[in-house]
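Below is one structure, written out as structure tokens, with a few remarks after it.
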Amino acid sequence: MRYVLVNKPFEVLTQFTDENGRATLKDFVPVPGVYPVGRLDYDSEGLVLLTDDKGLQHRLSEPRYKVPKTYLAQVEGVPTEEALANLRRGVDIKTSYTAPAEAELLPEPPADIWERSKPIRFRAAIPTSWLKITLSQGMNRQVRKMTAAVGFPTLRLIRVQIAHLPVAGLAPGQWRELTEAEAAKLRSAYSATKMPGERTTAPKAATGAAKEDAPAKPAGAGRPGGFKSGAPRAGGAGKPAAGKTSRPTDDKPKGKSGYKPGAGRSSGAGGRSGGGRSTGR
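Take 1 as the starting number for the sequence shown in UniProt numbering and just add one per residue.
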């Protein structure tokens, strides 16, 4: 298995092909067979994890597994304590409410952040500030929608950490493979074991299969004098009554002792002949 970290530059797609000719990860990562874990918007920057471990890729991409992701957001204006409190408890982003998140106002711009390929557009009369936001959801453009909802639109967005993996040491466009220790920790934390809140579906599937297969079991014993499923198929006993065709009988017995295939077909009473009950369900 291979696990790759890449610092996705601004205006690069989090995929390996684009029919419109835009820049993609293929322009930066020459590692075959790996795919991105989740997405990072075209106009956002920062950390993307690539892997060929499909099971782990699925888990890290699913919001219900609560993989923490940390972002630095340069916003317009200086958020108030009330705005920060709203971000922390969750905000209405019109389509839904966000889950609680960690949010703090940084006292000064991050020292280790690179210059963007295209400078942000800002208004000279309005200052900008930086927020550090950690969340475990993955809704479309979530951080931008969150800061806009509390009155401080995002001008620049950088993902700096996924789980315990930081972007530190990677310039835009650079990539590296995880160390064995990093990969082992990732697999240990988000392996194929049951995660908190996850429902196990295997037992239900097994129960359903057992119920579904029950009528097809060869056992017809225990039904004194009744119809034995499977007998007509054996080619011996259980032949249709004289004068009847060899038309296959119903797959499911009617549940009454003494039931005989084809019985009642000549009766038209009550609308029961030929249809409904003779075809099985």
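Just so you know, even glycine gets a beta-carbon here, dropped at the ideal spot from N, CA and C.
Would you grab the beta carbon distance between residue i and residue j for me? Rounded to a whole angstrom, and I think it's under 8 Å.
i, j, result
"Leu40", "Gly46", "7 Å"
"Asp43", "Glu19", "Going by Cβ atoms, the distance from Asp43 to Glu19 rounds to 19 Å, so no, they are not a contact pair."
"Pro153", "Val75", "6 Å"
"Leu5", "Leu170", "7 Å"
"Lys66", "Gln161", "Wrong, their Cβ atoms sit about 15 Å apart, outside the cutoff."
"Glu108", "Arg88", "So it is not a contact: roughly 21 Å between Cβ atoms."
"Ala83", "Gly151", "6 Å"
"Ala183", "Tyr3", "5 Å"
What residue does the beta strand (DSSP E) around residue i start on, and which one ends it?
i, result
"Arg156", "Thr154 to Ile162"
"Arg2", "Unbroken run through Arg2: none, as it is neither H nor E."
"Thr51", "Glu45 to Thr51"
"Asp64", "Going by the sequence as given, residue 64 is Arg instead of Asp. From DSSP, Arg64 is part of no beta strand (DSSP E); its letter is neither H nor E."
"Glu19", "That residue, Glu19, is in no beta strand (DSSP E); it is neither H nor E in DSSP."
"Arg176", "Trp175 to Glu177"
Assuming residue i is part of the alpha helix (DSSP H), what are its boundary residues?
i, result
"Leu60", "Lys54 to Ser61"
"Lys26", "Looking at the DSSP string, Lys26 is not in any alpha helix (DSSP H), and its letter there is neither H nor E."
"Lys185", "Glu180 to Ala189"
With distances taken Cα to Cα, identify the nearest neighbour of residue i among the options.
i, options, result
"Pro9", "Met1, Ala23 and Leu131", "Ala23"
"Arg156", "Thr80, Gln15, His164 and Thr147", "Thr147"
"Gln137", "Pro127, Glu177, Ser96 and Ala184", "Ser96"
"Pro30", "Tyr190, Ser188, Arg176 and Glu182", "Arg176"
"Leu50", "Glu62, Leu56 and Tyr35", "Tyr35"
"Pro100", "His164, Gly21 and Thr134", "Thr134"
"Gln142", "Pro109, Leu84 and Asp92", "Asp92"
"Val48", "Leu165, Tyr190 and Leu131", "Leu165"
"Thr80", "Glu104, Tyr71, Ala73 and Arg89", "Glu104"
"Lys26", "Gln174, Ser191 and Ser188", "Gln174"
"Pro110", "Arg121, Thr128 and Arg123", "Thr128"
"Tyr190", "Gln57, Asn140, Thr179 and Gly90", "Gln57"
"Leu131", "Tyr71, Met139, Thr179 and Val37", "Tyr71"
"Ala149", "Lys94, Arg123, Glu62 and Leu186", "Lys94"
Mind checking residue i: buried by the 16 CB within 10 Å criterion, or exposed?
i, result
"Thr98", "buried"
"Leu106", "exposed"
"Glu115", "exposed"
"Asp112", "exposed"
"Met1", "exposed"
"Gln15", "exposed"
"Arg144", "buried"
"Arg159", "buried"
"Ala85", "exposed"
"Asn7", "buried"
"Asp53", "buried"
"Pro172", "buried"
"Leu13", "buried"
Is there at least one non-hydrogen atom of the ligand NAD closer than 7 Å to the beta-carbon of residue i?
i, result
"Asp41", "Absence of the ligand NAD is noted for the structure shown, with no ligands found whatsoever."
For this session: Please specify which runs of the beta strand (DSSP E), each continuous and at least 3 residues long, are wholly inside the region 71 to 147, giving them in chain order.
Result: Within the region 71 to 147, the complete beta strand (DSSP E) segments of 3 residues or longer fall at 102 to 105 and 128 to 135, listed in chain order.
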